[in-house]
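Engineer: Submitted below is the structure of interest, expressed as structure tokens.
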Ligand code: SF4
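Residue numbers (our numbering): 252 to 605.
Structure representation (structure tokens):
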């Protein structure tokens with residue numbers, strides 16, 4: 252093992268921080284050195300366990316409420332200009348039914364995810380969130396609906412949503428701008444993340460690994476951003492190309508590099524909630540457990556109604572984790588048990604560092 256990279260890893264593990272310039276070295280050396288790779292992942296798992304009372308995985312019910320989007324992110328199958336994307340919207344009744352199904356299986360977080368759909372107005376979402384909180388008082392509502400105005404973020408928070416996922420996508424301004432055509436702006440995204448944190452949301456950021464134009468230095472910049480911002484949730488997955496987008500012919504992101512980024516992020520924010528992404532599971536057999544063994548501690552099974560399941564096609568061949576029955580939960584529990592982890596059915600809120 253390279254002694255310099257090993258000493259960087261030791262400091263990150265035991266002191267919780269490293270110099271800004273050392274992120275690049277740690278990433279590059281871990282790509283080359285299997286022993287360092289194993290050591291990094293083991294450190295990440297130990298850190299997650301120490302900060303979450305053991306080897307546990309939280310479950311979140313993912314409900315994809317709309318595949319309409321006004322934005323045009325170059326990498327995404329739901330981008331506005333993709334005329335071939337399947338577009339749908341769930342009704343309030345369908346969303347509540349999905350919550351009910353997840354709740355009856357023991358899940359206590361609902362993640363309402365959708366594109367930037369103008370029909371998802373506050374007038375529609377506020378009563379819906381209130382109704383969910385009324386029906387399932389001990390459950391948490393997480394939103395993942397893209398950028399909105401600060402007033403809207405506040406209204407949804409006051410209605411009862413307590414968490415918001417908004418990937419920062421790229422901490423490097425030029426890379427961000429190369430992926431997101433105007434009117435999306437780098438400053439707008441960064442400000443939105445800050446607004447969410449100020450309002451009091453448990454806030455999630457994250458990025459793709461290997462998106463076209465991204466270099467190792469960009470990834471290091473993303474990890475520095477995470478280390479300095481200390482988000483409550485962090486989602487990191489590999490880029491997966493999607494047909495009918497400008498990047499349809501691009502190569503997918505590297506799975507090993509993705510696991511390295513997950514593990515480093517875990518060490519930078521020991522108490523973060525970090526999902527195993529479907530993107531990693533799409534590219535890698537047992538990608539969910541590989542992510543857990545890199546420091547992730549959340550799995551988000553899909554509870555969208557059957558009629559639309561699989562239609563939220565942000566990239567090709569998207570892996571689908573479905574839990575329809577108690578037997579499905581038992582099977583997932585057995586797979587996690589095989590790697591030493593248990594399912595935690597609590598809400599799994601972010602708590603300050605132990
Ligand atoms: S990444 Fe999100 S905001 Fe961008 S096009 Fe896809 S659904 Fe819309």
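Glycine included, C-beta positions come from ideal geometry on N, C-alpha and C.
Since the structure is predicted, the reported quantities are computational estimates derived from the model, not experimental observations.
#1: Could you tell me if the beta carbon of residue 350 falls within a distance shorter than 7 Å of some heavy atom in the ligand SF4?
#2: Count the other C-beta atoms from every protein chain shown that fall within 10 angstroms of the C-beta of residue 413, then say buried if there are 16 or more, exposed otherwise.
#3: Between the C-alpha atoms of residue 394 and residue 325, what's the straight-line distance to the nearest angstrom?
#4: To which residues of the same chain is residue 422 closer than 6 Å at the C-beta, ignoring the five residues directly before and after it?
#5: Roughly how many angstroms lie between the CA atoms of residue 554 and residue 530, to the nearest whole one?
#6: Only counting runs of 3 or more residues, tell me where the beta strand (DSSP E) segments fall wholly within the stretch 454-517, in order along the chain.
#7: Residue 550 bridges to which residues according to DSSP?
#8: So residue 205 packs on residue 512, CB below 8 Å; how close in whole Å?
#9: Write down every uninterrupted run of the beta strand (DSSP E) in the stretch 351-439 whose length is 3 residues or greater and which is fully enclosed by it, in chain order.
#10: Out of 406, 410 and 435, which has the shortest C-alpha to C-alpha gap to residue 381?
#11: For residue 518, which residues from the same chain have a beta carbon less than 7 Å from its beta carbon, with the 5 sequence-adjacent residues on both sides left out?
#12: Apart from the five residues on each side of it in sequence, which residues of its chain come closer than 6 Å, Cβ to Cβ, to residue 429?
#13: Going by C-alpha to C-alpha distance, which of 586, 468, 596 and 540 sits closest to residue 274?
#14: By Cβ distance, which residues of its chain are closer than 8 Å to residue 565, with the 5 residues on each side in sequence left out?
#15: Mind pulling the alpha helix (DSSP H) runs of 4 or more residues that sit fully within the stretch 561-601?
#16: Is any heavy atom in the ligand SF4 found nearer than 7 Å to the beta carbon of residue 493?
#17: Assess contact between the stretch 521-529 and the stretch 278-287, defined as three or more Cβ pairs (one per stretch) separated by less than 8 Å. Is contact present?
#18: Check whether the Cβ atoms of residue 455 and residue 489 sit closer than 8 Å, and answer yes or no.
#19: Could you check how far apart the C-beta atoms of residue 307 and residue 600 are, in whole angstroms? I think they sit under 8 Å.
#20: Do residue 639 and the ligand SF4 come close, with the Cβ less than 7 Å from some heavy atom?
#21: Run through the DSSP bridge pairs and tell me what residue 524 is partnered with.
#22: With DSSP as the reference, label residue 316 as helix, strand or coil.
#23: Among all the DSSP beta bridges, which residues are the ones paired with residue 340?
#24: To which residues of the same chain is residue 452 closer than 7 Å at the C-beta, ignoring the five residues directly before and after it?
#25: Between the stretch 361-378 and the stretch 310-323, can you find at least three pairs of beta-carbon atoms closer than 8 Å?
#26: How about residue 327: is its Cβ closer than 7 Å to a heavy atom in the ligand SF4?
#27: What is the residue span of the alpha helix (DSSP H) that residue 296 lies within?
#28: Please report the straight-line C-alpha distance between residue 419 and residue 272, rounded to a whole angstrom.
#29: Check the C-beta distance from residue 570 over to residue 532 and give it rounded, since I have them as a contact under 8 Å.
#30: How many angstroms separate the CA atom of residue 359 from the CA atom of residue 582?
#31: Between residue 451 and the ligand SF4, is the CB less than 7 Å from at least one heavy atom?
#32: Cβ of residue 347 within 8 Å of Cβ of residue 386?
Structural biologist: Reading it off the structure:
#1: Working through the chain shown from its first residue, we reach residue 350 at position 99. Not so, every heavy atom of the ligand SF4 lies at least 7 Å from the Cβ.
#2: For this step, residue 413 is matched to residue 162 along the chain shown. Residue environment analysis places residue 413 among the buried positions, since at least 16 neighbouring C-beta atoms fall within 10 angstroms of its C-beta.
#3: On the chain shown, position 143 is the one that residue 394 refers to. On the chain shown, position 74 is the one that residue 325 refers to. Taking the straight line from one Cα to the other gives about 22 Å.
#4: Start at 1 with the first residue of the chain shown, and residue 422 comes out as number 171. Correct list, in chain order: 472, 473 and 476.
#5: The residue labelled residue 554 in the question sits at position 303 within the chain shown. The residue labelled residue 530 in the question sits at position 279 within the chain shown. Distance between the alpha carbons of residue 554 and residue 530: 17 Å.
#6: Runs of the beta strand (DSSP E) inside the stretch 454-517: 484-489.
#7: To locate residue 550, count along the chain shown from 1; it is residue 299. Answer is 310, bridged to residue 550.
#8: Lying outside 252 to 605, the shown extent of the chain, residue 205 is not represented and no answer is given.
#9: Listed in chain order, they are 360-365, 391-395 and 412-416.
#10: Position 130 of the chain shown holds residue 381. When the alpha-carbon of residue 381 is set against those of 406, 410 and 435, the nearest one is in 410.
#11: For the purposes of this step, residue 518 is taken as residue 267 along the chain shown, with counting starting at 1. Counting only Cβ-Cβ distances below 7 Å, and skipping sequence neighbours, we find 263, 264, 294, 295 and 298.
#12: Here residue 429 refers to the residue found at position 178 of the chain shown. Taking residue 429 as the centre and dropping the five residues before and after it, the same chain places the C-beta of 464 closer than 6 Å to its C-beta, in chain order.
#13: For the purposes of this step, residue 274 is taken as the residue at position 23 of the chain shown. Looking at the Cα atoms, 468 is the closest of the given residues.
#14: Position 314 of the chain shown, counting from 1, holds the residue named residue 565. Here the set comprises 327, 328, 329 and 493.
#15: Taking only runs of at least 4 residues, the alpha helix (DSSP H) segments lying wholly in the stretch 561-601 are 577-589.
#16: Residue 493 sits at position 242 when you count from the first residue of the chain shown. Within the chosen limit of 7 Å, the ligand SF4 does not reach the beta carbon of residue 493 with any heavy atom.
#17: Verdict: no, contact absent.
#18: Here residue 455 corresponds to residue number 204 of the chain shown, with the count starting at 1. Here residue 489 corresponds to residue number 238 of the chain shown, with the count starting at 1. No. Outside cutoff.
#19: On the chain shown, position 56 is the one that residue 307 refers to. On the chain shown, position 349 is the one that residue 600 refers to. About 13 Å separates the two Cβ atoms, so there is no contact after all.
#20: Examination of residue 639 is not possible in this model, given that the chain is present from 252 through 605 alone.
#21: Stepping through the chain shown from its first residue, residue 524 is reached at position 273. When DSSP reads this structure, residue 524 sits in a beta bridge with 484.
#22: If you number the chain shown from 1, residue 316 lands on position 65. DSSP places residue 316 in strand when its eight states are reduced to three.
#23: For the purposes of this step, residue 340 is taken as the residue at position 89 of the chain shown. DSSP lists 317 as partners of residue 340.
#24: The sequence position of residue 452 within the chain shown is 201, counting from 1. Taking residue 452 as the centre and dropping the five residues before and after it, the same chain places the C-beta of 408, 413, 414 and 415 closer than 7 Å to its C-beta, in chain order.
#25: Touching, yes.
#26: Here residue 327 refers to the residue found at position 76 of the chain shown. It does: the Cβ of residue 327 is within 7 Å (strictly closer) of some heavy atom of the ligand SF4.
#27: For the purposes of this step, residue 296 is identified with residue 45 of the chain shown, where counting begins at 1. Here the alpha helix (DSSP H) through residue 296 covers 285-302.
#28: Along the chain shown, one-based indexing puts residue 419 at 168. Along the chain shown, one-based indexing puts residue 272 at 21. Those two C-alpha atoms are separated by around 21 Å.
#29: Reading the chain shown from its first residue, position 319 is the one you call residue 570. Reading the chain shown from its first residue, position 281 is the one you call residue 532. The pair is a contact, with the Cβ atoms about 4 Å apart (cut-off 8 Å).
#30: As a working note, residue 359 is residue 108 in the chain shown. As a working note, residue 582 is residue 331 in the chain shown. The alpha-carbon atoms of residue 359 and residue 582 are separated by roughly 19 Å.
#31: Residue 451 sits at position 200 when you count from the first residue of the chain shown. Because no heavy atom of the ligand SF4 lies under 7 Å away, the Cβ of residue 451 does not count as near it: no.
#32: Locating residue 347 in the chain shown gives position 96, where the first residue counts as 1. Locating residue 386 in the chain shown gives position 135, where the first residue counts as 1. Between residue 347 and residue 386, the gap from beta carbon to beta carbon is short of 8 Å.
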